[in-house]
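Student:
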Amino acid sequence: MLIKRRYCWDLAEHSTTDEKTFLARRKLVKAMGFFGASMGVGTFFKSSPSMASIDVKSKANPYPVARNRQYALDRPVTEESLVTRYNNFYEFGSHKNIAPAAQSMKIDPWEILIDGEVEKVTKIDMDGLLRQVQLEERVYRFRCVEAWSMIVPWSGFPLRALLDLAKPTSDAKYLRMETIADDAYMPGVRQTWYDWPYVEGLTMAEAANELSFIATGIYGKPIPKQNGAPLRLVVPWKYGFKSIKSITRFTFVRDRPKTFWEKAQGGEYGFWANVNPSVDHPRWSQATERPLGNANRVPTLMYNGYGDFVASLYTGMSRKLGSELYR
Ligand code: MTE
Numbered sequence: 001m002l003i004k005r006r007y008c009w010d011l012a013e014h015s016t017t018d019e020k021t022f023l024a025r026r027k028l029v030k031a032m033g034f035f036g037a038s039m040g041v042g043t044f045f046k047s048s049p050s051m052a053s054i055d056v057k058s059k060a061n062p063y064p065v066a067r068n069r070q071y072a073l074d075r076p077v078t079e080e081s082l083v084t085r086y087n088n089f090y091e092f093g094s095h096k097n098i099a100p101a102a103q104s105m106k107i108d109p110w111e112i113l114i115d116g117e118v119e120k121v122t123k124i125d126m127d128g129l130l131r132q133v134q135l136e137e138r139v140y141r142f143r144c145v146e147a148w149s150m151i152v153p154w155s156g157f158p159l160r161a162l163l164d165l166a167k168p169t170s171d172a173k174y175l176r177m178e179t180i181a182d183d184a185y186m187p188g189v190r191q192t193w194y195d196w197p198y199v200e201g202l203t204m205a206e207a208a209n210e211l212s213f214i215a216t217g218i219y220g221k222p223i224p225k226q227n228g229a230p231l232r233l234v235v236p237w238k239y240g241f242k243s244i245k246s247i248t249r250f251t252f253v254r255d256r257p258k259t260f261w262e263k264a265q266g267g268e269y270g271f272w273a274n275v276n277p278s279v280d281h282p283r284w285s286q287a288t289e290r291p292l293g294n295a296n297r298v299p300t301l302m303y304n305g306y307g308d309f310v311a312s313l314y315t316g317m318s319r320k321l322g323s324e325l326y327r
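Sequence positions in the sequence shown follow our numbering and run 1 to 327.
(1) Leaving out five residues on either side along the sequence, give the residues of the same chain with a beta carbon under 6 Å from the beta carbon of I54.
(2) In this structure, does DSSP put Y194 in helix, strand or coil?
(3) If you run the structure through DSSP and keep just helix, strand and coil, what is D74?
(4) Taking the CB atoms as reference points, tell me whether W272 and Y198 lie closer together than 8 Å.
(5) Just to check, is the beta-carbon of E289 closer than 7 Å to a non-hydrogen atom of the ligand MTE?
(6) So E80 is in the alpha helix (DSSP H); what residue range does that whole segment cover?
(7) With respect to the beta strand (DSSP E) encompassing F309, which residues constitute its N-terminal and C-terminal limits?
(8) For D125, which residues from the same chain have a beta carbon less than 8 Å from its beta carbon, with the 5 sequence-adjacent residues on both sides left out?
(9) How should A184 be labelled, buried or exposed, when 16 other C-beta atoms within 10 angstroms of its C-beta is the threshold for buried?
(10) Quick check: the stretch 185 to 195 against the stretch 90 to 102, are at least 3 beta-carbon pairs closer than 8 Å?
(11) Should G240 be listed as close to the ligand MTE, given that the test is whether its C-beta is under 7 Å from any heavy atom?
(12) Throw me the rounded Cβ distance for the T78 and P222 pair, which I believe falls under 8 Å.
(13) I'd like to confirm the pairing. Which residues does DSSP put opposite G124 in its beta bridges?
(14) Is the Cβ-Cβ distance between E268 and P282 less than 8 Å?
(15) Examine the Cβ distances between the stretch 117 to 131 and the stretch 141 to 150 and report whether three or more of them are shorter than 8 Å.
(16) Cβ atoms of V275 and T300: under 8 Å apart, would you say?
(17) How many angstroms separate the CA atom of S58 from the CA atom of A181?
(18) How far does the beta strand (DSSP E) with F250 in it extend, from its first residue to its last?
(19) Provide the residue span of the beta strand (DSSP E) that contains R141, from first to last.
(20) With a threshold of 16 other CB atoms inside 10 Å of the CB of E210, please say whether the residue is buried or exposed.
(21) The alpha helix (DSSP H) that contains P100, what's its start and end?
(22) To the nearest angstrom, how far is the alpha carbon of V133 from that of F157?
(23) Would you mind sorting A166 into buried or exposed? The rule is 16 or more other CB atoms within 10 Å of its CB.
(24) Specify the secondary structure class of R69 as computed by DSSP and reduced to three states.
(25) For F241, which option in E262, L130, R69, N68 has the closest C-alpha, if you only look at C-alpha atoms?
(26) So, for D255: in the same chain, excluding its five sequence neighbours on each side, which residues have a beta-carbon less than 8 Å away from its beta-carbon?
(27) Give the DSSP-derived three-state secondary structure of Y303 in the structure shown.
(28) Taking Cβ to Cβ, would you say F252 is nearer than 8 Å to P168?
(29) Which same chain residues end up closer than 6 Å to D115 when comparing Cβ atoms and leaving out the 5 residues on each side of it in sequence?
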């Protein structure tokens, strides 16, 4: 049998399903599943865990937490059902409907390793980590490289707080982050053409920037598994693939880490990935974006609108690196 591998970069933008059609199809298929169940079929939907029964057994459930108004936006937040049902999480498959499969992820207990160029290698669990940080809510824009976008109220803490706990040495030049990769329950991880685990990286200056955020909740609740439970990165001035989910390891390194997408298709998804409407993806324009739940496209903003916070990080680099800074 000849199997054609479909990579996400094989898809032209127009061939991706918009989330309204996608959710309408899911409703229809689900209705068919209920009908089918009574006929003895449709077992998939019968046995899929419900999206409402997200199993987070953290001893402390501190949500909702106070919103930090400094990052307020002039646009409404995206409907929660879109954000929690239209996802990219390749460990569970290369399609948007990964939420049912992601419910099999075991997130309690969750151990995080902090190692590399640090004063002391540390292992910490989620409860231990949450006890040492101050949680807040931030509403950020989020722009996927696929040219859709959303506005999400994330709960969590600044990545800088984790740097303070980790105490990196002066040899640390980059922060490398890694997602759990368990082929026992993550079907995507069995796809050997990808180099697992999912890895992302930031320079130390990017990691210490006040916008860099570790999200542990959304919409005033613990973060659902499909969105990266129990903790994920959010770097809103970069394309969404930099915002690595379900992190198990933070390693402080001397050399720039090779990231998951850089290894898979570096010409399209590089290390820097700063949102820039004037540098197109090789196969589509990045000038505009489609907010989830909205048929009309809106202009994409330089650094996704966060230039005041981050432009200075790249002063003097853009000339040398050209468009590489944005891929
Ligand atoms: N993190 C991991 N571990 N695996 C992934 O496949 N996808 C990335 C990013 N983080 C991904 C990941 C991409 S391409 C995007 S756009 C965002 O997660 C999507 O986040 P969301 O599903 O919460 O919208």
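Ideal placement from N, C-alpha and C gives every residue a C-beta, glycine not left out.
Tutor: Once the coordinates are examined:
(1) For I54, the pLDDT reaches just 33, beneath the cut-off of 50, and the residue's location in the model is therefore unreliable, although a value from the coordinates is still provided. Non-local C-beta neighbours of I54 in its own chain, meaning closer than 6 Å and more than five positions away in sequence, comprise P224, ordered along the chain.
(2) DSSP places Y194 in coil when its eight states are reduced to three.
(3) Correct three-state label for D74: coil.
(4) Contact flag unset, no.
(5) False, no ligand heavy atom lies under 7 Å from that Cβ.
(6) 80 to 83 is the extent of the alpha helix (DSSP H) around E80.
(7) Going by DSSP, F309 is part of no beta strand (DSSP E) but of the alpha helix (DSSP H) stretching over 307 to 310.
(8) For D125, same chain residues with a beta-carbon under 8 Å away, outside a window of 5 residues either side, are P109, W110, E111, I112 in chain order.
(9) Per the 10 Å Cβ criterion, exposed.
(10) At 8 Å Cβ cutoff, the stretches touch.
(11) Answer for G240: yes, Cβ within range of the ligand MTE.
(12) Approximately 18 Å separates the beta-carbon atoms of T78 and P222; this is outside 8 Å, ruling out the contact.
(13) The amino acid at residue 124 is misidentified as Gly; the sequence shows Ile. Partner(s): I112.
(14) Closer than 8 Å, so yes.
(15) In short, these stretches do not touch, since the Cβ pair count stays below three.
(16) Yes, they are a contact pair.
(17) The pLDDT assigned to S58 is 48, lower than 50, so where the model puts this residue is not dependable; a value taken from the coordinates is nonetheless given after this. Distance from the CA atom of S58 to the CA atom of A181, rounded to whole angstroms, is 21 Å.
(18) Residues 247 to 253.
(19) 136 to 143 is the extent of the beta strand (DSSP E) around R141.
(20) E210 should be labelled exposed.
(21) Start and end: 99 to 102.
(22) Whole-angstrom Cα-Cα distance: 7 Å.
(23) It is buried - the Cβ of A166 has at least 16 other Cβ atoms within 10 Å.
(24) Secondary structure of R69 (DSSP, three-state): helix.
(25) Among E262, L130, R69, N68, the Cα nearest to that of F241 is on E262.
(26) Only residues of its own chain outside the window of five on either side were considered, and among them K173, Y174 have a CB closer than 8 Å to the CB of D255, listed in chain order.
(27) Helix.
(28) The answer is yes: Cβ separation under 8 Å.
(29) Contacts found: V121, T251.
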